[in-house]
Amino acid sequence: MRHQLSRYHARDPSEWCFTRSEHGKPLLLDDDLALHFNLSHSADWIALAVGTTAAVGVDIQWHDPERDIERIAARYFPAAELSALQVGGRLDRRRLFDHWSLKECWAKARGGALPTALAAVAFAVDGGQLVCSAPDAGGESLCLMSFHEYSLAVSSLAEPLRLKVRVWQSDGTEAPFEPAYSATTMGVRLVR
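If you use our numbering, the sequence shown corresponds to residues 1419 to 1610, in order.
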């Protein structure tokens, strides 16, 4: 993370200092920099989002076959959203994790308390457009990718979201990432 932040601001990776928001979101101690970041990890992947104009949130979720999605759904998903996530009367695991990632990145971009925020926001796709229902939605861009058995979502509180996805190996090399399921930045229609 320190090396990636140094790509955006001329600072030695060892010189970055961090703090946390009241809800635990990592922040730069030097708030004079117009640089925002967020981290997420799941199973074998770590995701880092960096924003140069506004706060960002990122979430990656492994579609864990052992995870009790019924319990998650009952606690954090409104009835209308749950209905849209069903196929043949059963919850679609991939779609549930897609929506879970969207909820988490949305809440993390705002620095909110996750348990409260996750239940307060709902997503739907209508005519290829992502519809966000939330009490304080406004002005964000969202991107959702599904690849292998993972969902990755990124949110920025500024528009438009310009996304470069790279894979960094443990040896320090990097390469562009082309998911099997193409990434799309969706316009967001807000419902209050």
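A virtual CB, placed ideally from N, CA and C, is assigned to each residue, including glycine. Predicted model only: the values in this text are computed from it and were never measured.
Kindly indicate which three-state DSSP category residue i falls into: helix, strand or coil?
i     : result
S1519 : helix
S1439 : coil
A1491 : helix
A1540 : strand
P1533 : helix
R1425 : coil
L1570 : strand
P1483 : coil
L1514 : helix
W1463 : strand
Could you give the residue range of the beta strand (DSSP E) that holds residue i?
i     : result
R1584 : R1584 to W1586
L1500 : L1500 -> not in any beta strand (DSSP E); alpha helix (DSSP H) instead, spanning A1497 to A1502.
L1457 : H1454 to S1460
M1563 : S1559 to F1565
P1444 : P1444 to L1446
If distances are taken between C-alpha atoms only, which option among the options comes closest to residue i?
i     : options                       : result
T1471 : R1512, G1506 and S1559        : S1559
E1522 : A1540, L1451, R1511 and D1510 : A1540
C1550 : V1505, T1437, P1496 and T1591 : P1496
I1478 : L1562, T1437, H1454 and G1506 : L1562
H1481 : G1475, V1474 and I1490        : I1490
F1565 : L1445, L1451, W1463 and S1424 : W1463
G1475 : S1458, L1503 and R1485        : S1458
S1460 : R1511, A1527, L1570 and A1502 : L1570
E1433 : S1424, P1533 and H1517        : S1424
L1451 : A1465, P1483, G1469 and G1506 : G1469
Spatial neighbours of residue i within its chain, please: CB distance less than 7 Å, with the 5 preceding and 5 following residues excluded, ordered by chain position.
i     : result
L1447 : C1435, F1436 and T1437
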